[in-house]
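Please read the structure below before turning to the comments.
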Amino acid sequence: MPMAKEAGLCRLAIVVALAGSAASCLGSDDGKDKTSGALLTNVSYKFGGVTLQTHGGTDPWGTLFGSAAYFSYVRTDSKIGIIVETDLGNGTGQNATTYNFSDTTNGGASLVSYNGLLWMFYFGMNHQLYMRRSSTGAAGSWDGPYQLSGSGQFTPAPVVWNDTLYLYSAEVCTPGCNGSEILQGHMSGAQYIADGSINEFTNNTVTAASWNGLLYVSWAGTDSDNPIYIKHYDSYFGWSSPYNIPNNWGRPAFFQVGDGDLAIAYRGSNGHIYRVYTNDGMNFTSPIGDNASTTNQTPIPFMQWFASDLWVV
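Residue 562 in this note's numbering sits at position 237 of the sequence shown, and the numbers go up by one each step.
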(Lines of atoms letter the chains of each structure in order from A; the text may use other names.)
(Lines give C-alpha, C1' and ligand atoms only; values in the text may rest on other atoms or scores of the structure.)
Protein backbone atom coordinates (compact mmCIF):
# COMPACT_ATOMS: atom_id res chain seq x y z
CA MET A 326 0.00 0.00 0.00
CA PRO A 327 2.58 2.58 -1.19
CA MET A 328 2.95 6.36 -1.34
CA ALA A 329 5.44 9.13 -2.12
CA LYS A 330 7.14 11.50 0.33
CA GLU A 331 7.40 14.41 -2.07
CA ALA A 332 4.23 16.25 -2.98
CA GLY A 333 5.29 16.31 -6.61
CA LEU A 334 5.18 12.54 -6.77
CA CYS A 335 1.45 12.48 -6.02
CA ARG A 336 -0.25 12.76 -9.36
CA LEU A 337 -3.66 11.07 -9.38
CA ALA A 338 -6.26 10.21 -6.78
CA ILE A 339 -9.52 8.39 -7.40
CA VAL A 340 -12.18 8.54 -4.71
CA VAL A 341 -15.08 6.12 -4.77
CA ALA A 342 -17.89 8.65 -4.27
CA LEU A 343 -17.63 9.04 -0.53
CA ALA A 344 -20.33 11.70 -0.44
CA GLY A 345 -18.09 14.31 -1.99
CA SER A 346 -14.79 12.96 -0.66
CA ALA A 347 -11.43 13.94 -2.11
CA ALA A 348 -7.79 13.03 -1.47
CA SER A 349 -4.48 14.85 -1.73
CA CYS A 350 -0.76 15.08 -0.88
CA LEU A 351 1.10 18.05 0.60
CA GLY A 352 3.75 19.13 3.08
CA SER A 353 4.20 20.14 6.72
CA ASP A 354 7.07 21.53 8.75
CA ASP A 355 6.17 21.01 12.40
CA GLY A 356 4.42 18.61 14.77
CA LYS A 357 0.93 20.04 14.26
CA ASP A 358 -1.68 18.99 11.75
CA LYS A 359 -1.18 21.08 8.62
CA THR A 360 -3.53 21.54 5.70
CA SER A 361 -3.01 22.98 2.24
CA GLY A 362 -4.63 23.15 -1.17
CA ALA A 363 -5.25 20.03 -3.22
CA LEU A 364 -2.29 18.86 -5.29
CA LEU A 365 -3.98 15.80 -6.76
CA THR A 366 -6.78 15.57 -9.25
CA ASN A 367 -9.82 14.30 -7.36
CA VAL A 368 -12.30 12.40 -9.45
CA SER A 369 -15.59 10.81 -8.44
CA TYR A 370 -16.69 7.80 -10.42
CA LYS A 371 -19.74 8.25 -12.60
CA PHE A 372 -21.55 5.68 -14.70
CA GLY A 373 -24.34 6.80 -16.97
CA GLY A 374 -23.87 10.30 -15.57
CA VAL A 375 -24.67 9.12 -12.04
CA THR A 376 -22.01 9.36 -9.31
CA LEU A 377 -21.50 6.13 -7.41
CA GLN A 378 -22.62 6.40 -3.80
CA THR A 379 -21.59 4.32 -0.81
CA HIS A 380 -23.47 3.09 2.21
CA GLY A 381 -22.72 5.30 5.21
CA GLY A 382 -20.13 3.97 7.64
CA THR A 383 -18.59 1.47 5.20
CA ASP A 384 -14.99 1.23 3.98
CA PRO A 385 -13.72 1.29 0.39
CA TRP A 386 -10.71 -0.79 -0.67
CA GLY A 387 -8.27 -0.83 -3.55
CA THR A 388 -5.50 -3.02 -4.95
CA LEU A 389 -3.65 -3.79 -8.16
CA PHE A 390 -4.19 -7.08 -9.96
CA GLY A 391 -2.90 -7.87 -13.42
CA SER A 392 -2.99 -4.69 -15.51
CA ALA A 393 -5.84 -2.99 -13.66
CA ALA A 394 -6.76 -1.37 -10.37
CA TYR A 395 -9.68 -2.90 -8.48
CA PHE A 396 -11.78 -0.81 -6.11
CA SER A 397 -14.44 -2.25 -3.84
CA TYR A 398 -17.19 -0.29 -2.13
CA VAL A 399 -20.50 -0.97 -0.40
CA ARG A 400 -23.51 0.33 -2.29
CA THR A 401 -26.42 2.11 -0.65
CA ASP A 402 -28.33 -1.20 -0.75
CA SER A 403 -25.43 -2.84 1.20
CA LYS A 404 -24.33 -4.94 -1.81
CA ILE A 405 -20.61 -5.08 -2.60
CA GLY A 406 -19.65 -3.22 -5.77
CA ILE A 407 -16.44 -3.51 -7.80
CA ILE A 408 -14.84 -0.91 -10.09
CA VAL A 409 -12.22 -2.13 -12.56
CA GLU A 410 -9.98 0.74 -13.73
CA THR A 411 -7.55 0.20 -16.62
CA ASP A 412 -6.50 3.85 -17.17
CA LEU A 413 -3.56 3.96 -14.75
CA GLY A 414 -1.51 6.64 -16.49
CA ASN A 415 -0.85 10.20 -15.41
CA GLY A 416 -4.12 11.60 -16.77
CA THR A 417 -7.46 11.97 -15.06
CA GLY A 418 -9.60 10.14 -17.59
CA GLN A 419 -11.56 7.08 -16.55
CA ASN A 420 -11.65 3.81 -18.40
CA ALA A 421 -13.60 1.77 -15.90
CA THR A 422 -16.26 -0.87 -15.73
CA THR A 423 -18.34 -1.76 -12.70
CA TYR A 424 -20.33 -4.71 -11.42
CA ASN A 425 -21.71 -5.86 -8.12
CA PHE A 426 -22.32 -8.98 -6.09
CA SER A 427 -25.47 -10.00 -4.30
CA ASP A 428 -23.28 -10.32 -1.17
CA THR A 429 -24.08 -7.72 1.50
CA THR A 430 -22.08 -6.21 4.36
CA ASN A 431 -22.22 -3.38 6.87
CA GLY A 432 -18.43 -2.99 6.88
CA GLY A 433 -16.42 -3.21 3.68
CA ALA A 434 -14.83 -5.76 1.35
CA SER A 435 -11.03 -5.97 1.29
CA LEU A 436 -9.06 -7.01 -1.78
CA VAL A 437 -5.60 -8.57 -2.06
CA SER A 438 -3.52 -10.24 -4.77
CA TYR A 439 -2.08 -13.57 -3.64
CA ASN A 440 -0.84 -16.70 -5.45
CA GLY A 441 -2.09 -15.49 -8.82
CA LEU A 442 -5.64 -14.83 -7.59
CA LEU A 443 -7.60 -11.77 -6.55
CA TRP A 444 -9.07 -12.43 -3.10
CA MET A 445 -11.98 -10.63 -1.44
CA PHE A 446 -12.89 -10.84 2.26
CA TYR A 447 -15.81 -9.33 4.15
CA PHE A 448 -18.03 -9.83 7.18
CA GLY A 449 -21.62 -10.59 6.27
CA MET A 450 -24.70 -9.22 7.97
CA ASN A 451 -24.37 -12.15 10.39
CA HIS A 452 -20.78 -11.03 11.27
CA GLN A 453 -19.37 -14.22 9.76
CA LEU A 454 -16.26 -14.03 7.59
CA TYR A 455 -16.75 -14.66 3.86
CA MET A 456 -14.33 -15.08 0.98
CA ARG A 457 -14.39 -14.99 -2.82
CA ARG A 458 -11.55 -15.49 -5.34
CA SER A 459 -11.02 -14.79 -9.02
CA SER A 460 -8.27 -15.59 -11.50
CA THR A 461 -9.19 -12.65 -13.75
CA GLY A 462 -11.17 -10.15 -11.65
CA ALA A 463 -13.96 -10.08 -14.24
CA ALA A 464 -17.65 -10.16 -13.41
CA GLY A 465 -18.89 -13.75 -13.19
CA SER A 466 -15.37 -15.14 -12.65
CA TRP A 467 -15.46 -15.25 -8.85
CA ASP A 468 -15.92 -18.44 -6.86
CA GLY A 469 -17.85 -18.53 -3.60
CA PRO A 470 -18.95 -16.91 -1.51
CA TYR A 471 -17.48 -19.25 1.08
CA GLN A 472 -18.34 -18.80 4.73
CA LEU A 473 -15.15 -19.19 6.75
CA SER A 474 -14.77 -20.00 10.43
CA GLY A 475 -13.92 -16.45 11.52
CA SER A 476 -16.25 -13.71 12.72
CA GLY A 477 -15.91 -9.99 13.35
CA GLN A 478 -16.95 -6.52 12.24
CA PHE A 479 -15.77 -3.58 10.11
CA THR A 480 -13.42 -4.68 7.27
CA PRO A 481 -10.88 -7.54 7.54
CA ALA A 482 -7.34 -6.41 6.64
CA PRO A 483 -5.34 -8.89 4.50
CA VAL A 484 -1.55 -8.88 4.24
CA VAL A 485 0.93 -11.30 2.66
CA TRP A 486 3.96 -12.01 4.88
CA ASN A 487 6.46 -14.86 4.53
CA ASP A 488 4.36 -16.25 1.67
CA THR A 489 1.31 -16.59 3.93
CA LEU A 490 -1.93 -14.63 3.64
CA TYR A 491 -2.88 -13.19 7.05
CA LEU A 492 -6.08 -11.43 8.09
CA TYR A 493 -6.49 -8.90 10.90
CA SER A 494 -9.91 -7.91 12.12
CA ALA A 495 -11.91 -6.57 15.06
CA GLU A 496 -14.08 -8.95 17.01
CA VAL A 497 -17.77 -8.20 17.44
CA CYS A 498 -18.12 -5.76 20.33
CA THR A 499 -20.92 -6.79 22.64
CA PRO A 500 -22.88 -4.13 24.57
CA GLY A 501 -20.77 -2.73 27.38
CA CYS A 502 -17.41 -3.73 25.92
CA ASN A 503 -14.61 -1.17 25.82
CA GLY A 504 -13.51 -1.74 22.25
CA SER A 505 -13.14 -4.75 19.97
CA GLU A 506 -10.20 -7.11 20.41
CA ILE A 507 -7.95 -7.31 17.35
CA LEU A 508 -7.75 -10.86 16.02
CA GLN A 509 -5.26 -12.58 13.70
CA GLY A 510 -5.88 -15.48 11.36
CA HIS A 511 -4.33 -16.89 8.21
CA MET A 512 -5.40 -18.80 5.13
CA SER A 513 -4.37 -22.39 4.50
CA GLY A 514 -5.64 -22.98 0.99
CA ALA A 515 -9.32 -22.05 1.18
CA GLN A 516 -9.47 -22.64 4.94
CA TYR A 517 -9.27 -19.86 7.53
CA ILE A 518 -7.16 -20.68 10.60
CA ALA A 519 -7.78 -18.50 13.67
CA ASP A 520 -4.48 -17.61 15.38
CA GLY A 521 -5.98 -15.65 18.27
CA SER A 522 -5.75 -12.14 19.68
CA ILE A 523 -2.82 -9.73 19.39
CA ASN A 524 -3.99 -8.25 22.73
CA GLU A 525 -4.96 -4.85 21.35
CA PHE A 526 -8.35 -3.12 21.04
CA THR A 527 -10.03 -0.77 18.56
CA ASN A 528 -13.37 0.56 17.40
CA ASN A 529 -12.38 0.75 13.73
CA THR A 530 -10.89 -1.16 10.81
CA VAL A 531 -7.31 -2.41 11.34
CA THR A 532 -4.49 -2.03 8.80
CA ALA A 533 -1.53 -4.38 8.18
CA ALA A 534 1.62 -4.36 6.03
CA SER A 535 4.71 -6.45 5.34
CA TRP A 536 7.78 -4.18 5.46
CA ASN A 537 11.54 -4.78 5.82
CA GLY A 538 10.94 -8.43 6.63
CA LEU A 539 8.56 -7.64 9.50
CA LEU A 540 4.78 -7.77 9.85
CA TYR A 541 3.24 -4.44 10.94
CA VAL A 542 -0.23 -3.73 12.31
CA SER A 543 -1.69 -0.31 13.05
CA TRP A 544 -5.03 0.71 14.54
CA ALA A 545 -6.96 3.53 16.18
CA GLY A 546 -7.14 3.18 19.94
CA THR A 547 -10.39 3.14 21.86
CA ASP A 548 -10.07 6.70 23.25
CA SER A 549 -12.54 9.14 21.71
CA ASP A 550 -9.80 11.02 19.82
CA ASN A 551 -8.64 7.80 18.07
CA PRO A 552 -4.89 7.79 18.92
CA ILE A 553 -2.92 5.80 16.32
CA TYR A 554 -0.85 2.82 17.49
CA ILE A 555 1.60 0.55 15.70
CA LYS A 556 3.38 -2.71 16.54
CA HIS A 557 5.36 -5.28 14.57
CA TYR A 558 6.08 -8.99 14.60
CA ASP A 559 9.08 -11.05 13.60
CA SER A 560 9.54 -14.79 13.75
CA TYR A 561 12.28 -14.61 16.39
CA PHE A 562 11.18 -11.96 18.92
CA GLY A 563 7.42 -12.17 18.39
CA TRP A 564 5.28 -9.05 18.86
CA SER A 565 6.80 -5.75 19.87
CA SER A 566 5.14 -3.51 22.42
CA PRO A 567 2.53 -1.13 20.98
CA TYR A 568 3.79 2.35 20.15
CA ASN A 569 1.58 5.44 20.07
CA ILE A 570 2.50 7.64 17.09
CA PRO A 571 2.55 11.16 18.60
CA ASN A 572 0.36 13.97 17.26
CA ASN A 573 -1.68 11.66 15.04
CA TRP A 574 -5.32 10.79 15.61
CA GLY A 575 -7.62 8.99 13.21
CA ARG A 576 -8.25 5.81 11.25
CA PRO A 577 -4.93 4.59 9.77
CA ALA A 578 -4.05 2.72 6.58
CA PHE A 579 -0.53 1.46 5.72
CA PHE A 580 1.22 1.79 2.40
CA GLN A 581 4.83 1.50 1.27
CA VAL A 582 6.64 4.43 -0.32
CA GLY A 583 8.53 3.83 -3.53
CA ASP A 584 11.93 4.57 -1.92
CA GLY A 585 11.39 2.02 0.82
CA ASP A 586 9.76 4.02 3.60
CA LEU A 587 6.56 2.95 5.34
CA ALA A 588 3.72 5.48 5.36
CA ILE A 589 0.34 5.79 7.04
CA ALA A 590 -2.62 7.68 5.64
CA TYR A 591 -5.50 8.35 7.97
CA ARG A 592 -8.81 10.09 8.34
CA GLY A 593 -8.36 12.81 10.92
CA SER A 594 -10.98 13.83 13.46
CA ASN A 595 -11.92 16.73 11.16
CA GLY A 596 -12.58 14.35 8.23
CA HIS A 597 -9.46 15.41 6.27
CA ILE A 598 -6.91 12.91 4.97
CA TYR A 599 -3.43 13.07 6.54
CA ARG A 600 -0.24 11.10 6.12
CA VAL A 601 3.00 10.40 7.97
CA TYR A 602 5.95 8.17 7.05
CA THR A 603 8.89 6.42 8.71
CA ASN A 604 12.15 4.78 7.68
CA ASP A 605 12.66 2.84 10.91
CA GLY A 606 9.14 1.86 12.04
CA MET A 607 9.31 4.04 15.17
CA ASN A 608 10.06 7.66 14.25
CA PHE A 609 7.45 9.30 12.04
CA THR A 610 7.36 12.63 10.24
CA SER A 611 4.96 15.39 11.28
CA PRO A 612 1.42 14.86 9.99
CA ILE A 613 0.62 16.49 6.66
CA GLY A 614 -2.87 16.88 5.32
CA ASP A 615 -5.13 18.58 2.83
CA ASN A 616 -8.04 20.94 3.45
CA ALA A 617 -9.61 19.78 0.17
CA SER A 618 -9.87 16.18 1.35
CA THR A 619 -12.88 15.02 3.33
CA THR A 620 -14.04 11.48 3.96
CA ASN A 621 -16.13 9.55 6.44
CA GLN A 622 -14.13 6.36 5.88
CA THR A 623 -10.60 5.09 6.30
CA PRO A 624 -8.62 6.13 3.18
CA ILE A 625 -7.02 3.16 1.41
CA PRO A 626 -3.94 4.30 -0.58
CA PHE A 627 -1.69 2.32 -2.89
CA MET A 628 0.90 2.97 -5.62
CA GLN A 629 0.69 1.62 -9.13
CA TRP A 630 3.74 0.61 -11.13
CA PHE A 631 4.58 4.17 -12.25
CA ALA A 632 6.12 5.74 -9.13
CA SER A 633 4.53 9.10 -9.96
CA ASP A 634 0.96 7.87 -9.46
CA LEU A 635 -0.66 7.64 -6.05
CA TRP A 636 -4.20 6.32 -5.82
CA VAL A 637 -6.48 6.76 -2.86
CA VAL A 638 -9.97 5.34 -2.46
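Ideal placement from N, C-alpha and C gives every residue a C-beta, glycine not left out.
Considering only their Cβ atoms, is the gap separating residue j from residue i smaller than 8 Å?
{"i": "G510", "j": "G546", "result": "no"}
{"i": "W386", "j": "S459", "result": "no"}
{"i": "A533", "j": "Y568", "result": "no"}
{"i": "P483", "j": "V437", "result": "yes"}
{"i": "L539", "j": "D520", "result": "no"}
{"i": "E410", "j": "N425", "result": "no"}
{"i": "A578", "j": "T623", "result": "yes"}
{"i": "H557", "j": "G606", "result": "yes"}
{"i": "T530", "j": "D384", "result": "yes"}
Taking 7 Å as the cut-off, is the beta-carbon of residue i closer than that to any non-hydrogen atom of the ligand COA?
{"i": "S460", "result": "Absence of the ligand COA from the depicted structure is noted, as is the absence of any ligand whatsoever, leaving it without description."}
Any idea what DSSP makes of residue i, helix, strand or coil?
{"i": "Y599", "result": "strand"}
{"i": "D412", "result": "coil"}
{"i": "N503", "result": "coil"}
{"i": "E496", "result": "coil"}
{"i": "A588", "result": "strand"}
{"i": "R400", "result": "coil"}
{"i": "V531", "result": "coil"}
{"i": "G614", "result": "strand"}
{"i": "Y561", "result": "coil"}
{"i": "L377", "result": "coil"}
{"i": "N621", "result": "coil"}
{"i": "Y370", "result": "coil"}
{"i": "G441", "result": "coil"}
{"i": "P483", "result": "strand"}
{"i": "H452", "result": "coil"}
{"i": "G606", "result": "coil"}
{"i": "W467", "result": "coil"}
{"i": "Q478", "result": "strand"}
What does a CB cutoff of less than 8 Å around residue i pick up in its chain, not counting 5 residues either side in sequence?
{"i": "N573", "result": "P552, I553, I589, Y591, Y599, V601, F609 and P612"}
{"i": "F448", "result": "T430, N431, G432, L454, Y455, S476, G477, Q478, F479, T480, P481 and S494"}
{"i": "G575", "result": "A545, N551, I553, Y591, R592, G593, S594 and Y599"}
{"i": "S466", "result": "S459 and S460"}
{"i": "N604", "result": "G585, D586 and L587"}
{"i": "A393", "result": "V409, E410, T411, L413 and G462"}
{"i": "T388", "result": "A394, Y395, L436, V437, S438, L443 and F627"}
Measure the beta-carbon distance from residue i to residue j and round it to whole angstroms, keeping in mind my assumption that it falls under 8 Å.
{"i": "Y370", "j": "G462", "result": "The pair is not a contact, with the Cβ atoms about 17 Å apart (cut-off 8 Å)."}
{"i": "N616", "j": "H597", "result": "6 Å"}
{"i": "I507", "j": "T527", "result": "6 Å"}
Quick one: residues in its chain with C-beta nearer than 6 Å to the C-beta of residue i, no 5 flanking neighbours on either side, listed in chain order?
{"i": "K357", "result": "Low confidence applies here, because K357 scores a pLDDT of 32, under 50, leaving its location unreliable and the question unanswered by this model."}
{"i": "R400", "result": "G406"}
{"i": "P470", "result": "D428, Y455 and R457"}
{"i": "M445", "result": "A434, L436 and R457"}
{"i": "Y517", "result": "L473, S474, G475 and G510"}
{"i": "D468", "result": "R458"}
{"i": "P571", "result": "none"}
Could you tell me which of the options sits nearest to residue i, measuring between CA atoms?
{"i": "G391", "options": "Y439, G614, N537 and T376", "result": "Y439"}
{"i": "V485", "options": "C498, W536, E496 and Y561", "result": "W536"}
{"i": "E496", "options": "T411, S397 and N451", "result": "N451"}
{"i": "T422", "options": "G373, L442 and W564", "result": "G373"}
{"i": "E525", "options": "Y517, S566, N604 and A515", "result": "S566"}
{"i": "M512", "options": "Q472, D548, T499 and I523", "result": "Q472"}
{"i": "W564", "options": "D488, T388, S522 and S397", "result": "S522"}
{"i": "A515", "options": "L443, Q378 and D548", "result": "L443"}
{"i": "D639", "options": "T499, G441, F580 and G501", "result": "There is no way to answer for residue 639, as the model of the chain reaches only from 326 to 638."}
Please list, in chain order, all residues of the same chain as residue i whose beta carbon is under 7 Å from its beta carbon, the five residues on each side excluded.
{"i": "Y380", "result": "One point to set straight first is that residue 380 is His, not Tyr, in the sequence displayed. The residues are V399, R400, T401 and S403."}
{"i": "A464", "result": "Y424"}
Between residue i and chain C, is there a C-beta pair that is closer than 8 Å?
{"i": "A464", "result": "You won't find chain C in this structure, because it holds only one protein chain."}
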